[in-house]
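Reviewing the structure listed below.
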Amino acid sequence: MSDGVETSRAGYDAAAAQEKWSRYWSEHGTFAALDDGSKERRYMLDMFAYPSGDLHMGHAEAFAIGDVVARYWRLKGYDVMHPVGWDSFGLPAENAAINHGTHPAEWTYANIDTQAASFRRYGISFDWSKRLHTSDEEYYRWTQWLFLRFKERGLAYRKDSWANWCPHDQTVLANEQVKEGRCERCGAVVTKRQLNQWYFRITDYAQRLLDDMGEIEGHWPERVLAMQRNWIGRSEGAYVDFRIDGHDEPVRVFTTRPDTLYGATFMVVAPDSALADEVVSDERRPAFEEYLEAVKKKTEIERQSTEHVKTGVDLGVMATNPVNGAKIPVWAADYVLSDYGTGAIMAVPAHDQRDLDFANKYGIEVIPVIDTGEADPRESGIATTGDGAYQNSGDLDGLANKAEGISRICRFLDDNHIGEATITYRLRDWLLSRQRFWGCPIPVIHCAACGDVPVPDDQLPVRLPDLRGADLAPKGVSPLAGEEARAWREVSCPKCGGPAERDTDTMDTFVDSSWYFIRYCSPHYSDGPFDPEAVRRWMPVAQYVGGVEHATMHLLYSRFFTKVLHDMGMIDFDEPFSALMNQGQVINQGRAMSKSLGNGVDLGKQIDAFGVDAVRTTVIFAGPPEEDIDWADVSPASILKFLQRAYRVAADVTAPSDADPAAGDLTLRRATHHAVAEITDLLESGRFNVVVARIMELVNATRKAIDSGCGPADPAVREAVSFTAQALSMFAPYVAEEMWAAIGNEPSVANSSWPTADPALLVADEVTMVVQVAGKVRGKIQVPPDIAEADAVAAATADPNVKRHIGDKQIVKVIARLPKMISIVVK
């Protein structure tokens, strides 16, 4: 065997194979992208790992799925880039480091080393030359550079606002990082806090993010696209300007039903909005402030729940309904959120259940303005939401066309300069400031004379100070604002040279992961965030594999970043991922794994017990990629037995490498080529679990052929084993390499070429023809696939059971669907 690689025919030793072939792949750079134009390029990307510890069962599934794709593409002759990296800034690493009394960098890079070793052991076909870490200075230099380019375009800005606050992690959270009112990282109940924060203006791209879904429709899971559409939340309606007594500027509210304006009997403002504090009367301020404190203790989920008993406080001021001049009270109520538009709504209680419940509780007037034919909401307590004729609506009375009603009101608003038709979005700007240490520093200097001054490009990166030994525990402000970081923080203003201070917040780690896939194309490029030519050659990503939980965070943010870079002229595509595949979860005993439940499964122990190949093949064979895997229902021990059986078949082969398969057993050759055709189709459609089943069938067919007289020297056996090794290499790469070497092939099987099925061998010698008599199946006979109708009828009527059911009846008609069916009609 060349290259010093030898294999034993005595038996398959999983541990020895893992060590041998891992070393071989590394020494020979087997999986490095060529990038020389000799082959068509394909970019396979996994959502990169977070270095929270060693690899776990979730990693086992996700990365095995991506590796199937990457290895298949290599076998198909593509130049494949399959990079590896770590999302290495962030809260979990910082919290873990604090708990263990170490520095986040030490904790993070130690975990990266552990995971890197496990990735190599797990046999993932990574191109290690593309490796990156987002916490490396050579990476976050360019994250800062991109932030400044966004700022120049008005897409990065700072403002005072109420923000989601995690009391455990002591930092703000973007809306997307709050799940059912809790921090998606630690599970703490999220509250609100008013802070000056940095934002990305993602709302400028809301419509583009919706429109461009047409490019990926059919290539991304529909549920991901639906989640993004719902999160962006496009609504058509109108802005309406209300005048509030004592407030100089009109208050603009958004409504999807401007045609119901005549039924607006009160206004509601969010108690935690700036507007509520501005308009509340002096007499009502004490009651309002007491109420505000109570509201701050509630989560957004509680405030928005239909089961929640709505509360409010009268602000002691009146507003004017712009269509009829009616004076209506202004209330602060907990069911309106401060980040919805201006934090104010017009309340039409007759036709909105939340408004009606509130009006009935506080004795506010209810005026129905659409006659839907349902019970009067003033009597039934149920808001009517259907269509019908307008009533109590001025010039609209009697009109029964909703679209026309909306159009007329919008023209009225526009003509009188008190509103306009518009489109709004549920999506809010991306809050990216974090009050924590372990993140990318925001490259801005605050000067009393010059304001917010960008750090000059030639001074990037703004490096994190070491702060070893400092107390990094969360305190509500960034550790970078503490005494230990004073020397780092206090600097001269780049504009005027006067005393100034660096921004002490760090960026949300989703900023880092919103462009890493582009950096992979040239991870060590130093003249910009990426080499434009390398990106042109490889992007967009051909296949992305990762969890659906990132649908409204990472995937949405990455699409936004890509569109901005496109508009800046830096890239020539505006969707980053051509295709997306989601994987399910690995659970145990029907529940998510956790230490508290005692149902955790340790990946390392599973590999020690059964070997990498058995674990990888088990997670693939367990079901379709998108479905959850219950480890209690699978058997890596059974898979290991199958892999050992496959190896023994390969070890039995004695046919020489130059043997002509055409001289081999025809039945086995047909089985092999049917397997080639079916497995190719299954791989292209992502049905990887069925591929494993087909490989098992081919191994059984090969063993049967050997044991039934075909013999191990038959060229057809060698052909079957050769394809089995190729197919298995995507799931069980170590045993596949052993099989490939055992039959005398040059290493590595990863360098081989995927075969094409011979069409002549896909044509069956015989097929099963079903015979019906009087509509019931009475026989199944084997016939040639090209049988003539006369011969088919003769064969059918000669079958004893068919003949018995015809008896002495007369055949009046024969319906032939050859070669699969003959139907005989008798009387």
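Residue numbers for the sequence shown follow UniProt numbering, so the first one is 1 and each next one is one higher. For every residue, glycine included, the Cβ atom is placed at its ideal position computed from N, Cα and C.
Just so you know, the alpha carbons of residue 99 and residue 469 end up roughly 13 Å apart. If the five residues before and after residue 255 are omitted, its C-beta is found closer than 7 Å to the C-beta atoms of 237, 238, 240 and 346, all from its own chain and listed in chain order.
With a cut-off of 8 Å on Cβ pairs, the region 642-656 is in contact with the region 721-741, counting three or more such pairs. For the 8 Å CB-CB criterion, residue 478 and residue 510 do not form a contact. In the three-state DSSP reduction, residue 496 falls in the coil class, being neither helix nor strand. As summarised for the region 529-606, the continuous alpha helix (DSSP H) elements at least 4 residues long and confined to that stretch are 532-538 and 554-567, given in chain order.
With contacts defined by Cβ atoms closer than 8 Å, residue 420 and residue 413 form a contacting pair. For residue 438, the secondary structure class from DSSP, reduced to helix, strand or coil, is coil. The way I'd put it, the region 175-189 doesn't touch the region 474-492; fewer than three beta-carbon pairs between them come closer than 8 Å. Contact between the region 112-129 and the region 159-176 is absent: fewer than three C-beta pairs spanning the two stretches fall below 8 Å. The beta carbon of residue 577 is closer than 6 Å to those of 541 and 544 in its chain, skipping five residues each way along the sequence.
DSSP, reduced to helix, strand and coil, places residue 726 within a helical segment of the structure shown. The beta carbon of residue 495 is closer than 6 Å to those of 450 and 453 in its chain, skipping five residues each way along the sequence. The residues 125, 729, 730, 733 and 750, in chain order, have a CB closer than 8 Å to that of residue 71 in the same chain once the five nearest residues on each side in sequence are set aside.
Only exposed fits residue 459, as fewer than 16 other CB atoms lie within 10 angstroms of its CB. Under the three-state reduction of DSSP output, residue 47 falls in the coil class, being neither helix nor strand.
Between residue 418 and residue 266, the gap from beta carbon to beta carbon reaches 8 Å or more. Fewer than three Cβ pairs drawn from the region 690-704 and the region 38-47 lie within less than 8 Å of each other, which leaves the two stretches out of contact. Looking at the DSSP output, residue 197 bridges to 159. Taking the CA atoms as reference points, residue 400 sits about 11 Å from residue 259. Partner residues in the beta bridge of residue 454, as assigned by DSSP, are 444. Within the region 164-240, the complete alpha helix (DSSP H) segments at least 4 residues long are 206-211, 213-216 and 222-232, listed from N- to C-terminus. Minimum Cα-Cα distance from residue 17 among the listed residues 268, 808, 756 and 748 corresponds to 748. Spanning the alpha carbons of residue 687 and residue 513 requires a straight line of approximately 29 Å. Of the candidates 591, 322 and 208, 208 places its Cα closest to the Cα of residue 567.
The beta carbon of residue 534 sits closer than 7 Å to the beta carbons of 521 and 522 from its chain, once the five residues preceding and following it are set aside; these are given in chain order. The beta carbon of residue 819 sits closer than 8 Å to those of 767, 769, 783, 784, 785, 786, 787 and 792, all from its chain and outside the five residues before and after it, given in chain order.
In this structure, DSSP gives residue 153 a state outside helix and strand, which the three-state scheme calls coil. Distance from the CA of residue 808 to the CA of residue 789, rounded to the nearest whole angstrom, comes to 22 Å. Between residue 690 and residue 727, the beta carbon gap of about 12 Å keeps them out of contact (Cβ cut-off 8 Å).
Straight-line measurement puts the Cα of residue 581 at about 50 Å from the Cα of residue 415.
In terms of Cα proximity to residue 151, the closest of 443, 670, 812 and 531 is 443. Taking 8 Å as the cut-off, the beta carbon of residue 719 is found closer than this to the beta carbon of residue 661. In this structure, residue 135 keeps its C-beta atom at 8 Å or more from the C-beta atom of residue 102. 368 is the residue among 234, 606 and 368 whose C-alpha sits nearest the C-alpha of residue 350. Collapsing the DSSP output to three states places residue 782 in a strand.
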